[in-house]
Amino acid sequence: MLCMAPASVQEAVEMVMQAFALAEKYRNPVMILGDGLTGQMMEPVEFPDRLKVEPSNKDDWATNGMDTRKSTRRNLVKTLYLNPEDLNAHNLKLKAKYDRMQREEVRFEKYNMDGDYKGLIISYGTMSRVCRTAIDILKSEGLEVGMLRPQFVFPFPRQEIFEAAQRESCQAVFSIEMSMGQMMEDVERSVSGQRPVHWYGKCGGEVPTPEEVMDVLRSVVK
Amino acid sequence: MGKTFHRPEALADTTTHYCPGCTHGVAHRLVAEVIDELGIRGRTVGIAPVGCAVLMYNYFTFDFQEAAHGRAPAMATGIKRVRPDLVVFTYQGDGDLASIGLSEIVHAANRGEKFTTIFINNAVYGMTGGQMAPTTMPDQRTTTSPFGRKTDFTGMPIKVSELLAALTTPAYITRQTLISPKHINRSKKAIKKAFEYQLENRCFSLVELISTCPTNWGMTPIDALKWAEDKMLPYFKLGDYKTPEDH
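Chains as they are written, first to last, in our numbering: chain A, 85 to 306; chain B, -15 to 231.
Listed below in structure tokens is the structure:
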């Protein structure tokens, strides 16, 4: 399912609005992957105008009562298909939906990726903000590091990470997470062996400091 | 000469998958007759459970949704709150409602959600192969209590109607049975009353129906009816446990 990873309270607010619109578009649940910090932090927020969502024609599927849609045909919402052929067809329909999400809903943000970065960080949520600070300090020291921040962790920006890792100056890719490396596999798949991939992270509510991130970068990228 | 007995419009013209002697068919017909009589087929939405009745949507001719195990009351809550003009009912067995879904039904009833629940209590998990349910009778043999339900180890059967009637929120809670024509007529009256209370936007309503499962009980349909009368009815006493008029 679509999974959004906000990095600020402002972004969380905007994503909640988008989440409803996308849930409507795909008729699919949307998950918002917050973390303890975005969940508990106070930040000023500007509420954007309400998203304009084109109402979909629900009459084809919604159990809104036959009278409502002036129809003699009943609607049925279910997921149980006992006949393997029917289930296969249903799964193909779902696969087409997920494929469309991958085509249309990749969201990411680039930071310090215009120049010749020597290291590339992939990080989402609060962790990406710590990485920004680390990148700024490293830059002042003369070490260029870029960051690609997935705003949605599904669909994952595979192609964009693959291309970013191919930059000639890029020596290594870093998956920096507040988890035990759940994103690492996705990053490795995206990089497809073109560059070494390193992981750094902490979990349980501990947040890695910019210094720790800088130490990891410095130990690998020269 | 006019036709005096016919298939309700709300019931599909099809063969069901239920075992011989199963009372689901009777309960389905009663629900369909009530929906026809109230003229609400075009604005009724049913929620199917997990269990033998999961395929019940194939036997009715109005909108239906399928819920995750025990979660029919949550789904019904959502539909009814968004569209209070619709008539919403869940139809759940004892494995679905009294076990995994017990919390759902207690909170839905306590919130006074304005939908109706038809609760089929046949003292056993049917579809999955006759395992012990929370409603299984003391010493009743099931595939997971082959020596009979031992109450010192598993407690006594849960009386769902009494449990829900203990809540303060006004509700219509009644227990009926499908073991004889007399009782079937009473059950139909109770189902109709439950739907009428919903139409009047009065309260949550639950009709418990003591039912039989000859296949999993290992009995003939007639022996099963007798067993329900002898073993279940003394413990699961019939009657209205709560009506909106009580408040």
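Where is the CB? At the ideal position from N, CA and C, for every residue including glycine.
Near residue i, which residues of its chain fall below 6 Å by C-beta distance, leaving aside the five closest residues on each side in sequence?
| i | result |
| --- | --- |
| A:Arg191 | Gln235, Phe236 |
| B:Val191 | Ile102, Thr158, Ala174, Ile175, Ala178 |
| A:Val137 | Ala105, Glu108 |
| A:Thr217 | Pro294 |
| B:Asn94 | Leu151, Thr153 |
| B:Ala58 | Glu88 |
| B:Arg125 | Gly132 |
Report the residue from the options whose alpha carbon sits nearest the alpha carbon of residue i.
| i | options | result |
| --- | --- | --- |
| A:Glu228 | A:Cys254, A:Ala105, A:Phe246, A:Val214 | A:Cys254 |
| A:Asp144 | A:Met268, A:Ala91, A:Leu178, A:Thr156 | A:Thr156 |
| A:Ser207 | A:Ser276, A:Ile245, A:Arg134 | A:Ile245 |
| B:Glu21 | B:Tyr41, B:Asn42, B:Arg(-9), B:Asp(-3) | B:Arg(-9) |
| B:Asp214 | B:Leu14, B:Ile163, B:Asn169 | B:Ile163 |
| A:Gly149 | B:Phe44, B:Val29, B:Gly54 | B:Val29 |
| A:Glu188 | A:Glu295, A:Leu106, A:Gly288, A:Ala89 | A:Leu106 |
| B:Asp(-3) | B:Asp123, B:Val15, B:Tyr43 | B:Tyr43 |
| A:Pro128 | A:His174, A:Val93, A:Gly230 | A:Val93 |
| A:Glu290 | A:Met298, A:His282, A:Arg302, A:Met264 | A:Met264 |
| B:Thr152 | B:Asp230, B:Pro165, B:Glu17 | B:Asp230 |
| B:Gly223 | B:Ser171, B:Pro198, B:Thr199, B:Arg27 | B:Ser171 |
| A:Ser274 | A:His282, A:Leu301, A:Ser303, A:Pro241 | A:Pro241 |
| B:Gly23 | B:Gln124, B:Ser129, B:Glu(-7) | B:Glu(-7) |
| A:Gly203 | A:Glu247, A:Cys87, A:Val305, A:Ala173 | A:Val305 |
| B:Pro165 | B:Ala11, B:Lys(-13), B:Leu(-5), B:Pro68 | B:Ala11 |
| A:Arg184 | A:Pro239, A:Ala89, A:Val161 | A:Pro239 |
| A:Ser303 | A:Met231, A:Ala256, A:Met267 | A:Ala256 |
| A:Glu247 | A:Gly226, A:Ala96, A:Val271, A:Ala89 | A:Val271 |
| A:Glu193 | A:Ala89, A:Leu176, A:Lys162 | A:Ala89 |
Quick check on residue i: does DSSP put it in helix, strand or coil?
| i | result |
| --- | --- |
| A:Trp145 | coil |
| A:Glu95 | helix |
| A:Phe104 | helix |
| B:Thr74 | strand |
| B:Gly9 | helix |
| A:Val281 | strand |
| B:Asp240 | No answer is possible for residue 240 of chain B: it lies beyond the span of chain B, which begins at -15 and ends at 231. |
| B:Ile168 | helix |
| B:Cys36 | helix |
| B:Thr(-2) | coil |
| B:Ser236 | Nothing about residue 236 of chain B can be reported from this structure: the residues present for chain B run from -15 to 231 only. |
| A:Val190 | coil |
| A:Asp183 | helix |
| A:Val129 | coil |
| B:Ile19 | helix |
| A:Met115 | strand |
| B:Tyr225 | strand |
| B:Ile63 | helix |
| B:Ile31 | strand |
| B:Met(-15) | coil |
| A:Cys87 | strand |
| A:Ile206 | strand |
| B:Ile24 | coil |
| A:Leu178 | helix |
| A:Leu301 | helix |
| A:Tyr165 | coil |
| B:Leu235 | Because chain B here runs from -15 to 231, residue 235 of chain B falls outside it and cannot be looked at. |
| B:Ile206 | helix |
| A:Tyr201 | coil |
Which same chain residues end up closer than 7 Å to residue i when comparing Cβ atoms and leaving out the 5 residues on each side of it in sequence?
| i | result |
| --- | --- |
| A:Arg153 | Asp143 |
| B:His167 | Gln160, Thr161 |
| B:Trp211 | Trp201, Met203 |
| B:Tyr181 | Tyr156, Cys187, Ser189, Pro228 |
| A:Pro113 | Met85, Ala107 |
Output needed for residue i: all residues of its chain with C-beta closer than 8 Å, excluding positions within five of it in sequence on either side, in chain order.
| i | result |
| --- | --- |
| A:Pro292 | Met211, Val214, Ile260, Met262, Tyr284, Gly285, Lys286 |
| B:Lys64 | Leu70, Val72, Glu97, Lys98, Phe99 |
| B:His8 | Thr0, Tyr2, Cys36, Ala37, Met40, Ile104, Ser195 |
| B:Arg55 | Gly85, Glu88 |
| A:Met298 | Ala218, Ile221, Leu222 |
Please list, in chain order, the chain E residues whose beta carbon lies closer than 8 Å to that of residue i.
| i | result |
| --- | --- |
| A:Met150 | Absence of chain E from the displayed structure is noted, the protein chains being A and B. |
Task: Contact between the segment 115 to 133 of chain A and the segment 25 to 42 of chain B (3+ Cβ pairs under 8 Å) - done: no
Open item on the list: What ranges does the beta strand (DSSP E) occupy inside the segment 222 to 279 of chain A, keeping only unbroken runs of at least 3 residues that lie completely in it?
Closed with: 229 to 234, 236 to 238, 256 to 261
Open item on the list: Quick check for students: name the residue ranges of the alpha helix (DSSP H) that lie wholly in the segment 85 to 161 of chain B, counting only runs of 4 or more.
Closed with: 86 to 95, 135 to 138, 144 to 149
- [ ] Inspect the CB distances between the segment 96 to 116 of chain B and the segment 180 to 187 of chain B and report whether three or more fall short of 8 Å.
- [x] yes
Task: the segment 43 to 56 of chain B / the segment 136 to 145 of chain B touching (three or more Cβ pairs under 8 Å) - done: no
- [ ] Assess, as a yes-or-no matter, whether the segment 265 to 278 of chain A is touched by the segment -1 to 13 of chain B under the definition of 3 or more beta carbon pairs within less than 8 Å.
- [x] no
Open item on the list: Within 8 Å, do at least three Cβ pairs link the segment 140 to 154 of chain B to the segment 119 to 126 of chain B?
Closed with: yes
Open item on the list: Measuring CB atoms only, is the segment 193 to 205 of chain A touching the segment 76 to 84 of chain B, in the sense that at least three cross pairs come out at less than 8 Å?
Closed with: no
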